[in-house]
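According to this note's numbering, the stretch in the sequence shown is residues -7 to 387, in order. We treat Cβ as the ideally placed atom computed from N, Cα and C, and that holds for glycine. Worksheet for the structure shown next.
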Amino acid sequence: MTPATRQYLIITGNYWAFTLTDGALRMLVVLHFHQLGYSPLELALLFVFYEFFGVLTNLAGGYLGARIGLNRTMNLGLLLQIVALGMLAVPASLLTIPWVMAAQGLSGIAKDLNKMSAKSGIKLLVDDAQQGKLYKWVALLTGSKNTLKGVGFFLGGALLMTIGFAGAVASMAAALLLIWLSSLFLLGKDLGRSKAKPKFKDLFSKSPAINLLSAARLFLFGARDVWFVIALPVYLKTVLGWDFWQVGTFMACWIIGYGFIQTIAPRFTGMGSQAAVRWAAMLSVVPAGIALALWLGINSELALVGGLLLFGAVFAVNSSLHSYLIVSFARADGVSLDVGFYYMSNAAGRLLGTVLSGWIYQVYGLEACLWVSTGMVVLATVFAAGLSARQPETA
């Protein structure tokens, strides 16, 4: 086994362990506080800090990674997740909304430090001439992460039923502590540290290609979350009459399938910018089709479930392509700056979609959310089209 492969496996294992706890924690919080009588919109508020701090963390995390090394930022992310889990292991009387929001905010910082470090680290482990290998490694890391996040949903539900909320978060904190201690010794020293110390102004990308790709990513993820985060589960529960377990199980399975499609995307897509344009254009048709089906009164359950499965498959390919392109376009020296800036846009898109999902659904309904989603995918396609004349960096 080569040193690069060994480091890739350590980074991937680290990321997998974190992702399992992240998915489980999301389901634990949703289920536990739903049992306490929280409304769907109140539940969404618990995660606002999680998304908001993701925007700031990706920007600052990229800078930190270039200054102190990706091994340190990845381990810092693990440590912060352990602290966030510990904050939730307190007696139930102390679990106030501000306290849970703060813990979720810390978890959001941890998640984006870990993700930025993992994605950036791969750039440094693959030779620039091996773009096919780079795409496969990025797709495997990204897809397996989302599959494990779905598995984490099931894990969270199982832990809640067997050992309760406090026991669940405490046990996950203990398991993650062991992973963190191992990671301190196994991750390569100074991985990703820039030779030239970056300045604060370097936080913002000067690369036109990365700026275009970041804008496309913002609208891509905004298009998903504007109907997926709040509008969809509330609609399934209140309009279609699904119970909470049906909603949770369906969405967990959707994420697992979405992650699987991401891992195999390199088998049937090209690697260039044109592929990103084609797949984004295909995606724009799906939410528009679902909205039309609902408007025409076609079987809403069939249209929504079938449309969501199709949306997930095409969206997964788009996400996998974007994840490869940012790693490929990023500079080798100070890679975390470019990747951090890009994932800041990703987090901003999720935050925008989350807020709009609650507001648009409450005022105008699900069809309006789907039309806004369509518009966002069209914008993502336009920005991706600006990349068509550009090729990935090789230095």
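Sequence-distant residues of its chain with Cβ nearer than 8 Å to Leu132 (five each side left out): By one-based count along the sequence shown, residue 132 stands at place 140. Excluding positions up to five away in sequence, the list reads Thr4 and Thr255.
Straight-line Cα distance separating Gly233 from Asn338: Counted from its first residue, the sequence shown places residue 338 at position 346. Counted from its first residue, the sequence shown places residue 233 at position 241. Looking at the two C-alpha atoms, the distance is approximately 32 Å.
Cut-off 8 Å between Cβ atoms - residues of its own chain near Thr366, not counting five sequence neighbours on either side: Here residue 366 refers to the residue found at position 374 of the sequence shown. Taken in chain order, the residues that qualify are Ala215, Ser276, Pro279, Ala280 and Ala283.
Nearest-angstrom beta carbon gap, Gly142 and Gly61 [assumed within contact, 8 Å]: Position 69 of the sequence shown holds residue 61. Position 150 of the sequence shown holds residue 142. Going by Cβ atoms, the distance from Gly61 to Gly142 rounds to 31 Å, so no, they are not a contact pair.
Terminal residues of the alpha helix (DSSP H) in which Val75 lies: Here the question's residue 75 lines up with position 83 in the sequence shown. Under the DSSP assignment, Val75 falls in the alpha helix (DSSP H) whose first and last residues are Leu62 to Met79.
Three or more C-beta pairs below 8 Å linking the region 240 to 249 and the region 123 to 132: Here the region 240 to 249 does not lie against the region 123 to 132, with fewer than 3 beta-carbon pairs under 8 Å apart.
Start-to-end residues for the alpha helix (DSSP H) that takes in Val143: For the purposes of this step, residue 143 is taken as the residue at position 151 of the sequence shown. Val143 -> alpha helix (DSSP H) spans Gln123 to Leu178.
CA nearest to the CA of Trp351, picked from Asn67, Thr49, Leu178 and Asp217: Locating residue 351 in the sequence shown gives position 359, counting from the first residue. Cα-wise, what sits closest to Trp351 is Asp217.
Continuous alpha helix (DSSP H) stretch holding Gly367: start and end: In the sequence shown, residue 367 corresponds to position 375, counting from 1. Counting along the chain, the unbroken alpha helix (DSSP H) around Gly367 starts and ends at Leu358 to Ala377.
CA nearest to the CA of Ala372, picked from Leu68, Asn203 and Tyr353: Position 380 of the sequence shown, counting from 1, holds the residue named residue 372. Ranking the options by Cα distance to Ala372, first place goes to Asn203.
Beta-carbon gap between Ser109 and Thr65 smaller than 8 Å: As a position in the sequence shown, residue 109 is number 117, starting the count at 1. As a position in the sequence shown, residue 65 is number 73, starting the count at 1. For the 8 Å CB-CB criterion, Ser109 and Thr65 form a contact.
Assigned exposure category for Tyr335 - 16 Cβ within 10 Å defines buried: Residue 335 sits at position 343 when you count from the first residue of the sequence shown. Flag for Tyr335 reads buried.
Check whether Tyr42 and Gly100 have beta carbons under 8 Å apart: On the sequence shown, residue 42 is found 50 positions in, with the first residue counted as 1. On the sequence shown, residue 100 is found 108 positions in, with the first residue counted as 1. At a Cβ-Cβ threshold of 8 Å, Tyr42 and Gly100 count as neighbours.
Phe213 versus Val226 - alpha carbon distance: Looking up residue 213 in the sequence shown gives position 221. Looking up residue 226 in the sequence shown gives position 234. Approximately 19 Å between the Cα atoms of the pair.
Terminal residues of the alpha helix (DSSP H) in which Val297 lies: Reading the sequence shown from its first residue, position 305 is the one you call residue 297. From DSSP, the alpha helix (DSSP H) with Val297 extends over Ser292 to Phe321.
Nearest-angstrom Cα separation, counted from Tyr353 out to Pro384: Numbered from 1 along the sequence shown, position 392 holds the residue referred to as residue 384. Numbered from 1 along the sequence shown, position 361 holds the residue referred to as residue 353. Only weak support is given to the placement of Pro384: the predicted model assigns it a pLDDT of 46, under 50, and the question is left unresolved by the model.
Sequence-distant residues of the same chain with beta carbon closer than 6 Å to Gly345, five excluded per side: Along the sequence shown, read from residue 1 onward, the residue named residue 345 stands at position 353. Short of 6 Å from the beta carbon of Gly345, and not among the five residues preceding or following it, lie these beta carbons of its own chain, in chain order: Gly214, Asp217 and Val218.
Cβ pair count under 8 Å reaching 3, the region 297 to 304 against the region 160 to 176: No contact exists between the region 297 to 304 and the region 160 to 176.
Inter-stretch contact at 8 Å, needing at least 3 Cβ pairs: the region 88 to 96 / the region 34 to 50: Three or more pairs of CB atoms, one per stretch, sit closer than 8 Å, so the region 88 to 96 contacts the region 34 to 50.
Range covered by the alpha helix (DSSP H) that runs through Thr230: To locate residue 230, count along the sequence shown from 1; it is residue 238. Unbroken alpha helix (DSSP H) run through Thr230: Ala223 to Thr230.
Contacting residues, own chain, Cβ-Cβ under 7 Å from Leu35 (five flanking each side not counted): Numbered from its first residue, the sequence shown carries residue 35 at position 43. Only residues of its own chain outside the window of five on either side were considered, and among them Val22, Phe25 and His26 have a CB closer than 7 Å to the CB of Leu35, listed in chain order.
Enclosing alpha helix (DSSP H) for Arg270 [first to last residue]: Residue mapping note: residue 270 aligns to position 278 of the sequence shown, counting from 1. Looking at the DSSP string, the run of the alpha helix (DSSP H) that includes Arg270 is Ser265 to Trp287.
Cβ distance (whole Å) where Ala160 is taken to contact Leu170 below 8 Å: By 1-based counting over the sequence shown, the position of residue 160 is 168. By 1-based counting over the sequence shown, the position of residue 170 is 178. At roughly 17 Å, the Cβ-Cβ gap does not stay under 8 Å, so Ala160 and Leu170 are not in contact.
Distance, Gly156 Cα to Leu12 Cα: In the sequence shown, residue 12 corresponds to position 20, counting from 1. In the sequence shown, residue 156 corresponds to position 164, counting from 1. Each residue's alpha carbon lies about 17 Å from the other.
Runs of beta strand (DSSP E) wholly within the region 237 to 261 (minimum 3 residues, chain order): You should have found no qualifying run.
Residue nearest to Trp172 in terms of C-alpha spacing, selected from Ser206, Phe145 and Gly69: To locate residue 172, count along the sequence shown from 1; it is residue 180. Relative to Trp172, the option among Ser206, Phe145 and Gly69 whose CA is nearest is Gly69.
Nearest residue (CA-CA) to Gly135, options Tyr316, Leu224, Phe220 and Val221: For this step, residue 135 is matched to residue 143 along the sequence shown. Its Cα nearest to that of Gly135, the residue Tyr316 stands out among Tyr316, Leu224, Phe220 and Val221.
Proximity of Val319 and Val331 at Cβ, strictly below 8 Å: For the purposes of this step, residue 319 is taken as the residue at position 327 of the sequence shown. For the purposes of this step, residue 331 is taken as the residue at position 339 of the sequence shown. For the pair Val319 and Val331, the CB atoms are nearer than the 8 Å cut-off.
Nonlocal neighbours in the same chain, by C-beta distance under 8 Å from Phe375, ignoring five residues either side: On the sequence shown, position 383 is the one that residue 375 refers to. Here the set comprises Leu204, Leu205, Ala207, Ala208 and Phe211.
Per-residue DSSP class, three states only, for Ser408: Residue 408 is absent from the model: the chain starts at -7 and stops at 387.
Ile222 burial status per 10 Å Cβ neighbour count (16 or more: buried): Within the sequence shown, residue 222 is the residue found at index 230, counting from 1. Classification for Ile222: buried.
Three-state secondary structure assigned by DSSP to Ser337: Position 345 of the sequence shown, counted from the first residue, corresponds to residue 337. Three-state result, Ser337: helix.
Alpha helix (DSSP H) segment containing Ser206, residue limits: Counting from one through the sequence shown, the residue named residue 206 turns up at place 214. Run containing Ser206: Pro200 to Phe220, per the alpha helix (DSSP H) assignment.
Leu416, DSSP secondary structure in three states: Past the edges of the chain, shown from -7 to 387, lies residue 416, and the structure says nothing about it.
Integer Cβ distance of Ala102 from Gln73, believed to fall under 8 Å: The residue you call residue 102 lines up with position 110 of the sequence shown. The residue you call residue 73 lines up with position 81 of the sequence shown. Contact between Ala102 and Gln73 is confirmed by a C-beta separation of about 4 Å, below the 8 Å threshold.
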